[in-house]
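Have a look at the structure below before the remarks.
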Amino acid sequence: MGNKLILKYIDEKIFDYLNKNIDIMPMRFSKLIANYYPDARIRRIYFERLGVYMGEGTYANLGMKIVIGELKEKYMIHIGNNVSIAPNVTFVVESSPNNSDVLSNFDYIKNKLIKSEKIIVENDVWIGANVTILPGVKIGKFSIIGAGSVVTNDVEAYSIYAGVPAKKIRDLRGINHV
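Residue 710 is where the sequence shown starts when you use this note's numbering, and the numbers rise one by one after that.
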C-alpha cells in the first residue's frame, strides 16, 4: 500500500509541474508531451497550446499527432464534443516539401499540393486507429472514419468512410440503433 501512495504522490506532483509550467516549456518538449504523455488531461492542455481545440467529452488516445506550421489563428484544429480519437491519428494542417526550394517552385505543387488549412471535426465522431486527416478537411457530425484511412476531402455527417483515400461506404441515417 505504501508504494501505491508514493506513486500517486509522484504522479500528482508531475501533473502539477507540467500544468503550471506549460508556458515555459520549449515547443519541441510541448509536442512530445502532447503526443505521448500517458495522462490525457495533460495531453489535452498541451495540444491546446499547439493550436488544437478539443470539446467536452473528447478523448484522444496516445500517439495523436499534429503537423502544423505557424498558427494563422488560435486553433487550426477544432475538435467538437464527444469525439473518440483512436491511437496514432495524424492531423496534417500544413503540407509542404519543407526544405526543397526546387519542388516549391513548380506551379502544380505550389497551387495544388502546398496547403495550410484548418481541420474541423464536428461533434460525436469516431476516428479509427492510424487515420491521417489532410489540410482543410471537415468531418461531419455523427460520422465514423475507418482505421488506416487517409481523409483527403470533407466527410458527410451521419456517414461511415474508409480507405485510401477515404470514401463513403455507408450512410447511418435510417439505420436502426439499439
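Glycine included, each C-beta is placed from N, C-alpha and C at the ideal position.
Note that the coordinates shown come from a computational prediction; the quantities given were computed from them, not determined experimentally.
Worksheet item: Distance, Cα to Cα, residue 761 vs residue 771?
Response: In the sequence shown, residue 761 corresponds to position 52, counting from 1. In the sequence shown, residue 771 corresponds to position 62, counting from 1. Rounded to the nearest angstrom, the two C-alpha atoms are 15 Å apart.
Fill in: Beta-carbon contacts of residue 857 that lie in its chain and below 6 Å, excluding the five residues immediately before and after
If you number the sequence shown from 1, residue 857 lands on position 148. Closer than 6 Å at Cβ, skipping near neighbours: 839.
Fill in: Burial state of residue 720 (16 or more Cβ within 10 Å)
The residue given as residue 720 occupies position 11 in the sequence shown. The residue is exposed, with fewer than 16 neighbouring Cβ atoms inside 10 Å.
Discussion item. I need the DSSP call for residue 800, collapsed to helix, strand or coil.
Written reply: To locate residue 800, count along the sequence shown from 1; it is residue 91. Correct three-state label for residue 800: strand.
Worksheet item: Do you know whose CA, among 868, 876, 875 and 833, lies nearest residue 883's CA?
Response: On the sequence shown, residue 883 is found 174 positions in, with the first residue counted as 1. The option with the nearest alpha carbon to residue 883 is 868.
Worksheet item: Can residue 830 and residue 853 be called in contact, C-beta distance under 8 Å?
Response: Taking the first residue of the sequence shown as 1, we reach residue 830 at position 121. Taking the first residue of the sequence shown as 1, we reach residue 853 at position 144. Not a contact, by the Cβ cut-off of 8 Å.
Worksheet item: Leaving out five residues before and five after residue 878 in sequence, what residues of the same chain have Cβ atoms less than 7 Å from its Cβ?
Response: Against the sequence shown, residue 878 aligns to sequence position 169. Excluding sequence neighbours, residue 878 sits near 869, 870 and 871.
Practice prompt. Could you have a look at residue 723 and say whether DSSP puts it in helix, strand or coil?
Written response: The residue labelled residue 723 in the question sits at position 14 within the sequence shown. If DSSP states are grouped into helix, strand and coil, residue 723 belongs with the helices.
Practice prompt. Note the first and the last residue of the continuous alpha helix (DSSP H) segment covering residue 856.
Written response: Start at 1 with the first residue of the sequence shown, and residue 856 comes out as number 147. Segment: none, residue 856 is in no alpha helix (DSSP H) and carries neither H nor E.
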